[in-house]
Each structure stands twice: as C-alpha cells, then as structure tokens.
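First comes the structure, then the notes that go with it.
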Amino acid sequence: MLGLLAPTHPDWIDAARSDLDAVLHDHLHCELKAASNATALVARYPMFSRLVRTLSELAREELTHVQQVYAELEARGFNPRPPGEDPYAGALRKASLVDTPHGDLGPLLDRLTVGALIEARSCERFSLLRDHAPTEPMRAWYGQLFISEAQHYRLFASLAEEIAGESVARKRLQELAVREAEILKKLPISPRIH
Ligand SMILES: [Fe+2]
Ligand SMILES: [Fe+2]
Numbered sequence: 005m006l007g008l009l010a011p012t013h014p015d016w017i018d019a020a021r022s023d024l025d026a027v028l029h030d031h032l033h034c035e036l037k038a039a040s041n042a043t044a045l046v047a048r049y050p051m052f053s054r055l056v057r058t059l060s061e062l063a064r065e066e067l068t069h070v071q072q073v074y075a076e077l078e079a080r081g082f083n084p085r086p087p088g089e090d091p092y093a094g095a096l097r098k099a100s101l102v103d104t105p106h107g108d109l110g111p112l113l114d115r116l117t118v119g120a121l122i123e124a125r126s127c128e129r130f131s132l133l134r135d136h137a138p139t140e141p142m143r144a145w146y147g148q149l150f151i152s153e154a155q156h157y158r159l160f161a162s163l164a165e166e167i168a169g170e171s172v173a174r175k176r177l178q179e180l181a182v183r184e185a186e187i188l189k190k191l192p193i194s195p196r197i198h
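In the numbering used here, the protein residues as written are 5 to 198.
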C-alpha cells in the first residue's frame with residue numbers, strides 16, 4: 005500500500021482493539037508531531053513556495069486531527085501525558101542518515117521521503133481501524149483519517165519528486181521503504197499507530 009513494502013502484522017489488530025486508549029494516546033502525539041514537522045519544514049525551506057503553501061495547510065489539518073483525537077480521549081476519561089519515546093520514527097530518521105543523497109537538497113529529500121513513509125504507515129493502520137474498530141462512529145472516523153493521510157502521503161511524495169526530480173525521488177523512496185519494512189519487523193506488536 006502507498007509505497008510500503010510490508011503490511012502490518014495481522015496480530016496488531018487484536019493488540020489495538022484490546023487497548024484503544026493506548027492507540028489513541030499514541031495517535032494524539034503522532035498528529036502533534038506531524039503538525040510540528042510540517043511547520044519545521046516550512047521554517048527551514050521557505051524558498052520553496054509550493055512546499056510552504058501545502059505544508060502550512062497540512063499542519064492546519066493535522067491540528068484539526070489533534071483536536072479530534074483529544075476530544076475522543078476526553079470522552080473516554082483518559083488523561084494524556086507528554087510523549088514517550090518514538091522508536092519507529094526515530095529509527096526511520098536514523099536509517100535515512102546513513103547515506104543521505106549528496107547535494108544541498110539531499111537532507112530535504114530525505115525529510116520529505118521519511119514524511120511520506122510515516123504518512124503511508126499511519127494510513128495503512130487507519131485502514132485497519134476503519135475495518136476493525138469496535139463502533140460504527142469510530143470506523144467512520146478512521147475512514148476519514150485514512151483518506152486524509154493517503155493525501156498527505158501523496159503530497160510528501162510529490163514534493164520530493166518536484167524538488168529532487170522524479171527518478172531520484174522514487175529511487176530514494178524505494179530505498180527507505182526497504183528500511184521501513186525492516187524497522188517495523190523488529191519492533192514489538194503494540195497498541196500504537198507506529
Ligand atoms: Fe493527521
Ligand atoms: Fe498526516
């Protein structure tokens with residue numbers, strides 16, 4: 005799905021269903037990180053006008069997701085905490101630093117490519133929750149998030165192609181997708197979005 009090379013382990017669905025509070029709490033922080041990553045890219049690369057326009061809009065949308073997840077946690081009586089470690093995203097960023105493509109735009113290409121893969125994995129997990137969450141309103145909500153994160157994947161991939169060229173960007177997406185699949189395989193199956 006969406007550039008990913010390995011599907012989520014089927015046992016993840018039961019892990020998620022058995023502790024939805026934990027899934028939602030991780031989700032809250034994923035949305036916050038998505039918004040802050042987008043604004044950080046805008047701050048670092050203001051010379052790319054399509055990037056500025058689209059990622060500032062994306063940050064706005066991710067903040068609406070923050071509000072939605074927060075409301076769900078509140079309704080469930082769950083008290084959110086500051087974020088814990090994020091082994092998935094941390095490992096993926098680290099894996100991208102091994103051989104960042106040369107040139108001034110190499111680091112930007114990697115940040116956009118890592119962004120695309122993180123969005124793709126969120127999207128895949130939302131598709132599982134769209135099908136398996138316990139209530140109809142939740143399934144409908146995850147269906148909307150699935151659509152939204154698929155669009156975000158396409159946005160990051162298209163920005164990477166625009167900035168680095170189609171063939172360079174696609175090759176890098178393939179390379180990092182291999183590493184993403186390896187990282188996922190090594191992580192324990194747990195009630196998290198990543
Ligand atoms: Fe989001
Ligand atoms: Fe997103």
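Glycine is no exception: its CB is placed at the ideal position from the N, C-alpha and C atoms.
When you compare the CB positions of residue i and residue j, do they come within less than 7 angstroms of one another, or not?
i: proline 111; j: threonine 104; result: yes
i: alanine 181; j: leucine 9; result: yes
i: alanine 173; j: leucine 109; result: no
i: valine 73; j: proline 195; result: no
i: isoleucine 197; j: aspartate 30; result: yes
i: isoleucine 187; j: alanine 75; result: no
i: arginine 176; j: leucine 113; result: yes
i: alanine 99; j: tyrosine 157; result: no
Could you check if residue i belongs to the surroundings of ligand 2, using beta carbon to heavy atom distance under 6 angstroms?
i: glutamate 123; result: yes
i: alanine 75; result: no
i: asparagine 198; result: Per the sequence shown, the amino acid found at residue 198 is histidine instead of asparagine. For ligand 2, not one heavy atom lies less than 6 angstroms from the Cβ of histidine 198.
i: alanine 38; result: yes
i: histidine 31; result: no
i: glutamate 153; result: yes
Consider the C-beta atom of residue i and the heavy atoms of ligand 1; say whether any pair is separated by less than 6 angstroms.
i: glutamate 35; result: yes
i: glutamate 66; result: yes
i: histidine 69; result: yes
Kindly list the residues whose CB is nearer than 7 angstroms to the CB of residue i, restricted to its own chain and excluding five residues on each side of it in sequence; keep chain order.
i: alanine 39; result: Ala63, Glu66, Leu67, Val70
i: glutamate 153; result: Glu123, Ser126, Cys127, Phe130
i: proline 138; result: Arg21
I'd like the list of long-range same chain contacts for residue i, defined as Cβ closer than 6 angstroms, with 5 residues on each side in sequence excluded.
i: alanine 42; result: Leu59, Leu62, Ala63
i: leucine 159; result: Thr58
Please classify residue i as buried or exposed, where buried requires at least 16 neighbouring CB atoms within 10 angstroms.
i: arginine 237; result: Because the chain here runs from 5 to 198, residue 237 falls outside it and cannot be looked at.
i: alanine 79; result: exposed
i: glycine 107; result: exposed
i: alanine 47; result: exposed
i: glutamate 35; result: buried
In chain order, each beta strand (DSSP E) run of at least 3 residues that lies wholly inside the segment 11–46: none
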